[in-house]
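>
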Amino acid sequence: MSDRKINNWLNAGLIDSDTAQRIRDYEADRSRPLGLWSLIGLGALAIGLGIISLVAANWDDIPGMVRLAVHALLIAGISGGIFLLQPRNGFLGLYLKDVLLFILAVLGATFFGHLGQVYQTSSPLWQPMSTWLLLFSPLLLLTGRGWLISLLWVVALLGTGIAHWGWYEQQTAEPSSIYIALITSLPVFALLVGVLVRNISTREAFWTQVGQFALAAFVAGLSVKLIADGLTKGGLFGSEGNGGEIAAIHLGLWSVAAVLNYSLNRSATGIAIATILVAAALASFVSSIAQSTEPLGNAIIFMAFWTAIGWGANHAGWRNVFQVVVAIIALRLIILSFELASDLLSSGLGLILAGIITIVIAVIAYRFSKAFAPVKAPAVEQTRDGGSE
Numbered sequence: 001m002s003d004r005k006i007n008n009w010l011n012a013g014l015i016d017s018d019t020a021q022r023i024r025d026y027e028a029d030r031s032r033p034l035g036l037w038s039l040i041g042l043g044a045l046a047i048g049l050g051i052i053s054l055v056a057a058n059w060d061d062i063p064g065m066v067r068l069a070v071h072a073l074l075i076a077g078i079s080g081g082i083f084l085l086q087p088r089n090g091f092l093g094l095y096l097k098d099v100l101l102f103i104l105a106v107l108g109a110t111f112f113g114h115l116g117q118v119y120q121t122s123s124p125l126w127q128p129m130s131t132w133l134l135l136f137s138p139l140l141l142l143t144g145r146g147w148l149i150s151l152l153w154v155v156a157l158l159g160t161g162i163a164h165w166g167w168y169e170q171q172t173a174e175p176s177s178i179y180i181a182l183i184t185s186l187p188v189f190a191l192l193v194g195v196l197v198r199n200i201s202t203r204e205a206f207w208t209q210v211g212q213f214a215l216a217a218f219v220a221g222l223s224v225k226l227i228a229d230g231l232t233k234g235g236l237f238g239s240e241g242n243g244g245e246i247a248a249i250h251l252g253l254w255s256v257a258a259v260l261n262y263s264l265n266r267s268a269t270g271i272a273i274a275t276i277l278v279a280a281a282l283a284s285f286v287s288s289i290a291q292s293t294e295p296l297g298n299a300i301i302f303m304a305f306w307t308a309i310g311w312g313a314n315h316a317g318w319r320n321v322f323q324v325v326v327a328i329i330a331l332r333l334i335i336l337s338f339e340l341a342s343d344l345l346s347s348g349l350g351l352i353l354a355g356i357i358t359i360v361i362a363v364i365a366y367r368f369s370k371a372f373a374p375v376k377a378p379a380v381e382q383t384r385d386g387g388s389e
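Read in the working numbering, the sequence shown has 102 at position 102, and its numbers run on one by one without any break.
In structure tokens form, the structure reads like this:
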């Protein structure tokens with residue numbers, strides 16, 4: 001903590017001189033030599049880049065079996081390091097282990113490509129990705145602690161699903177509506193896994209992060225779908241008839257997921273997530289059935305969905321999420337104003353009007369966000385039945 005901030009608190013009368021000195025002493029005793037660690041990290045990065053450069057320059061001259069053996073030895077060595085760090089706590093046991101887990105997972109993923117290069121084989125991308133997911137998911141999910149591993153697993157799961165979707169569409173002229181509905185619901189399934197295991201695991205923070213990343217991916221994916229629905233008939237799925245069937249299946253799947261989520265987590269957070277799932281199901285269904293490319297109709301559906309997210313964020317005390325929601329709705333209103341006044345933008349008066357509208361919306365959004373943003377939820381949240389999580 002900088003002396004400048006402490007001096008600001010002191011001058012504002014928030015703390016007295018004795019408290020300020022105790023804070024300085026406390027921070028000094030626990031300060032880390034960030035400059036030294038930065039130089040060590042920079043040196044390690046230079047060494048790593050040098051090794052990679054040497055290997056890349058002589059790649060074709062190194063026998064394939066030798067490369068595979070070195071690759072396997074690296075995987076074995078890092079696995080041993082993770083095993084040795086397993087009982088430790090603190091920096092070594094938590095943060096360094098997660099970094100090694102991440103490196104191990106990346107080495108494992110690249111090993112499949114290395115095998116294909118040495119033995120001159122090829123396969124659809126989803127096959128090695130799904131094999132990697134099956135082999136490494138137990139290790140990542142049973143030992144991971146931080147956001148790096150939870151994000152890696154969610155990205156790997158969704159990436160495998162997208163790769164299989166692309167391959168499946170190449171093999172089939174008319175993909176099954178049930179298949180598309182299931183593959184696009186992978187974030188919802190990951191969210192439910194996070195909520196379920198969180199209740200029985202000692203690593204609540206890790207599984208909470210799994211659910212958060214899955215929910216963020218789900219919201220982002222549906223937002224893209226709603227935008228695509230407003231651009232072309234058929235939207236993201238490219239088929240006017242198929243889109244309605246897929247949305248109907250989504251309506252059922254996501255509604256059931258909302259009920260399951262609420263039954264597993266009856267806290268304010270659980271209610272907020274259930275609300276977002278139901279709102280997503282309704283918004284997707286209405287957008288697919290309406291098949292409207294009119295700017296106003298598409299914008300109303302999009303903003304209604306994000307308004308539901310905003311209500312959930314306010315209810316659960318997600319202050320930062322609420323502010324992001326206000327910013328996104330404001331941005332959508334600005335875009336809508338440009339869409340509706342597209343004929344006027346060719347003139348100077350139209351540009352002035354668009355600029356004024358943009359500034360007004362931005363100021364209103366800022367004041368609204370500042371005035372109505374909820375207080376951050378406490379770390380331990382009380383459930384509806386009186387218990388704690």
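Yeah, the Cβ is synthetic: ideal placement off N, Cα and C, and Gly gets one too.
Exposed or buried, which one is Lys225 when buried takes at least 16 other CB atoms within 10 Å?
Position 225 of the sequence shown, counting from 1, holds the residue named residue 225. With 16 or more Cβ atoms within 10 Å of its Cβ, Lys225 is classed as buried.
> Is the beta carbon of Phe213 sitting closer than 8 Å to the one on Ser150?
In the sequence shown, the residue the question calls residue 213 occupies position 213. In the sequence shown, the residue the question calls residue 150 occupies position 150. The answer is yes: Cβ separation under 8 Å.
> When you compare only the Cα positions, how much space is there between Gly77 and Gly146?
As a position in the sequence shown, residue 77 is number 77, starting the count at 1. As a position in the sequence shown, residue 146 is number 146, starting the count at 1. Straight-line Cα distance between these residues: approximately 22 Å.
> Our contact map puts Leu222 next to Ser284 with C-beta atoms below 8 Å; I'd like the distance itself, whole angstroms only.
As a working mapping, residue 222 is identified with position 222 in the sequence shown. As a working mapping, residue 284 is identified with position 284 in the sequence shown. Contact holds; Cβ gap of about 6 Å.
> Within this structure, are the beta carbons of Ser79 and Leu96 separated by less than 8 Å?
Indexing the sequence shown from 1 puts residue 79 at position 79. Indexing the sequence shown from 1 puts residue 96 at position 96. Going by C-beta atoms, Ser79 is not nearer than 8 Å to Leu96.
> Contact between the segment 360-370 and the segment 322-329: three or more CB pairs below 8 Å?
Touching, yes, given that three or more Cβ pairs across the two stretches are closer than 8 Å.
> Using the C-alpha atoms, what's the distance from Gly144 back to Leu54?
Along the sequence shown, one-based indexing puts residue 54 at 54. Along the sequence shown, one-based indexing puts residue 144 at 144. Rounded to whole angstroms, Leu54 to Gly144 spans 33 Å at the Cα level.
> Where do the ends of the alpha helix (DSSP H) carrying Ser337 lie?
In the sequence shown, residue 337 corresponds to position 337, counting from 1. First-last of the alpha helix (DSSP H) with Ser337: 319-340.
> Would you call the segment 110-129 and the segment 154-174 touching, i.e. three or more CB-CB distances under 8 Å?
Result yes; three or more Cβ-Cβ pairs closer than 8 Å.
> Could you check the C-alpha separation between Ala109 and Met129 for me, to the nearest Å?
Counting from 1 along the sequence shown, the entry for residue 109 is found at position 109. Counting from 1 along the sequence shown, the entry for residue 129 is found at position 129. Taking the straight line joining both Cα atoms gives about 7 Å.
> Measuring CB to CB, does Phe322 end up less than 8 Å from Ala313?
For the purposes of this step, residue 322 is identified with residue 322 of the sequence shown, where counting begins at 1. For the purposes of this step, residue 313 is identified with residue 313 of the sequence shown, where counting begins at 1. Yes; because the gap between Cβ atoms is below 8 Å, this pair is in contact.
> What does a CB cutoff of less than 6 Å around Gly166 pick up in its chain, not counting 5 residues either side in sequence?
As a position in the sequence shown, residue 166 is number 166, starting the count at 1. Counting only Cβ-Cβ distances below 6 Å, and skipping sequence neighbours, we find nothing.
> Quick check on this structure: which residue in Leu260, Glu245, Leu100 has the alpha carbon closest to the alpha carbon of Pro175?
The sequence position of residue 175 within the sequence shown is 175, counting from 1. Among Leu260, Glu245, Leu100, the Cα nearest to that of Pro175 is on Glu245.
> Quick check on the burial criterion: 16 or more other C-beta atoms within 10 angstroms. Buried or exposed for Leu340?
Numbered from 1 along the sequence shown, position 340 holds the residue referred to as residue 340. Exposed is the call here.
> Would you call the CB atoms of Val188 and Ala274 closer than 8 Å?
Position 188 of the sequence shown, counted from the start, is the residue given in the question as residue 188. Position 274 of the sequence shown, counted from the start, is the residue given in the question as residue 274. Not a contact, by the Cβ cut-off of 8 Å.
> Ignoring anything shorter than 4 residues or poking outside the segment 70-145, list the alpha helix (DSSP H) runs there in chain order.
Correct list: 97-119, 126-143.
> Leu282 to Arg198, Cα distance in whole Å?
For the purposes of this step, residue 282 is identified with residue 282 of the sequence shown, where counting begins at 1. For the purposes of this step, residue 198 is identified with residue 198 of the sequence shown, where counting begins at 1. Computed Cα separation, rounded: 28 Å.
> Would you say Ala365 and Leu336 are within 8 Å of each other, going by their C-beta atoms?
As a working note, residue 365 is residue 365 in the sequence shown. As a working note, residue 336 is residue 336 in the sequence shown. The answer is no: Cβ separation not under 8 Å.
> Would you mind giving the Cβ-Cβ distance between Asp194 and Thr208, rounded to the nearest angstrom? I have them listed as a contact below 8 Å.
Counting from 1 along the sequence shown, the entry for residue 194 is found at position 194. Counting from 1 along the sequence shown, the entry for residue 208 is found at position 208. According to the sequence displayed, residue 194 carries Gly and not Asp. About 7 Å; that satisfies the 8 Å criterion.
> Leu332 and Phe305: beta carbons closer than 8 Å?
Working through the sequence shown from its first residue, we reach residue 332 at position 332. Working through the sequence shown from its first residue, we reach residue 305 at position 305. Correcting the residue identity first, residue 332 is Arg in this sequence and not Leu. The answer is no: Cβ separation not under 8 Å.
> Inspect the beta-carbon positions of Asn261 and Leu277 and report whether they are closer than 8 Å.
Translated into the one-based positions of the sequence shown, residue 261 becomes position 261. Translated into the one-based positions of the sequence shown, residue 277 becomes position 277. Contact flag set, yes.
> Could you tell me whether the Cβ atoms of Leu68 and Gly81 are closer together than 8 Å?
Translated into positions along the sequence shown, residue 68 becomes position 68. Translated into positions along the sequence shown, residue 81 becomes position 81. Not in contact: Leu68 and Gly81 (Cβ atoms no closer than 8 Å).
> Quick one: using the 10 Å Cβ neighbour count with 16 as the cut-off for buried, is Thr202 buried or exposed?
Residue 202 sits at position 202 when you count from the first residue of the sequence shown. Thr202 comes out exposed.
> Does the Cβ of Val210 have 16 or more other Cβ atoms within 10 Å, making it buried, or fewer, making it exposed?
Along the sequence shown, one-based indexing puts residue 210 at 210. Buried: at least 16 other Cβ atoms inside 10 Å.
> Which value, in whole angstroms, describes the spacing of the CA atoms of Gln422 and Ala163?
As displayed, the chain neither begins before 1 nor continues past 389, which places residue 422 out of reach and without an answer.
> Starting from Trp207 and walking both ways along the alpha helix (DSSP H), at which residues does that stretch end?
Residue 207 sits at position 207 when you count from the first residue of the sequence shown. Looking at the DSSP string, the run of the alpha helix (DSSP H) that includes Trp207 is 204-229.
> Take Gly270 as the anchor and find which of Trp318, Ala290, Val363, Asp229 has the nearest alpha-carbon.
Walking along the sequence shown from the start, residue 270 turns up at place 270. Among Trp318, Ala290, Val363, Asp229, the Cα nearest to that of Gly270 is on Trp318.
> I need the straight-line Cα distance from Leu139 to Val70, nearest angstrom please.
Position 139 of the sequence shown, counting from 1, holds the residue named residue 139. Position 70 of the sequence shown, counting from 1, holds the residue named residue 70. Near 22 Å, if we compare the C-alpha coordinates of Val70 and Leu139.
> For the candidate residues Glu27, Ile357, Thr232, whose alpha-carbon lies nearest to that of Pro396?
Any question about residue 396 goes unanswered here, given that the chain covers just 1 to 389.
> The alpha helix (DSSP H) spanning Ala304 covers which residue range?
Numbered from its first residue, the sequence shown carries residue 304 at position 304. Looking at the DSSP string, the run of the alpha helix (DSSP H) that includes Ala304 is 295-316.
> If Leu148 sits next to Asp98, beta carbons under 8 Å apart, how far is it from one beta carbon to the other, in whole angstroms?
Along the sequence shown, read from residue 1 onward, the residue named residue 148 stands at position 148. Along the sequence shown, read from residue 1 onward, the residue named residue 98 stands at position 98. Contact flag correct, Cβ pair sits at about 5 Å.
> Give the straight-line distance between the Cα atoms of Gly48 and Ala56, rounded to the nearest whole angstrom.
The count along the sequence shown starts at 1 and reaches residue 48 at position 48. The count along the sequence shown starts at 1 and reaches residue 56 at position 56. Each residue's alpha carbon lies about 12 Å from the other.
> Taking the C-alpha atoms as reference points, what is the distance between Thr172 and Asn242?
In the sequence shown, residue 172 corresponds to position 172, counting from 1. In the sequence shown, residue 242 corresponds to position 242, counting from 1. Approximately 14 Å between the Cα atoms of the pair.
> What residue range does the alpha helix (DSSP H) around Thr184 cover?
As a position in the sequence shown, residue 184 is number 184, starting the count at 1. No alpha helix (DSSP H) holds Thr184; DSSP gives it neither H nor E.
> What does the alpha-carbon distance come out to for the pair Thr383 and Ile180?
Looking up residue 383 in the sequence shown gives position 383. Looking up residue 180 in the sequence shown gives position 180. In this prediction, Thr383 has a pLDDT of 40, which is less than 50 and means its spatial position is unreliable; nothing more can be read from the coordinates.
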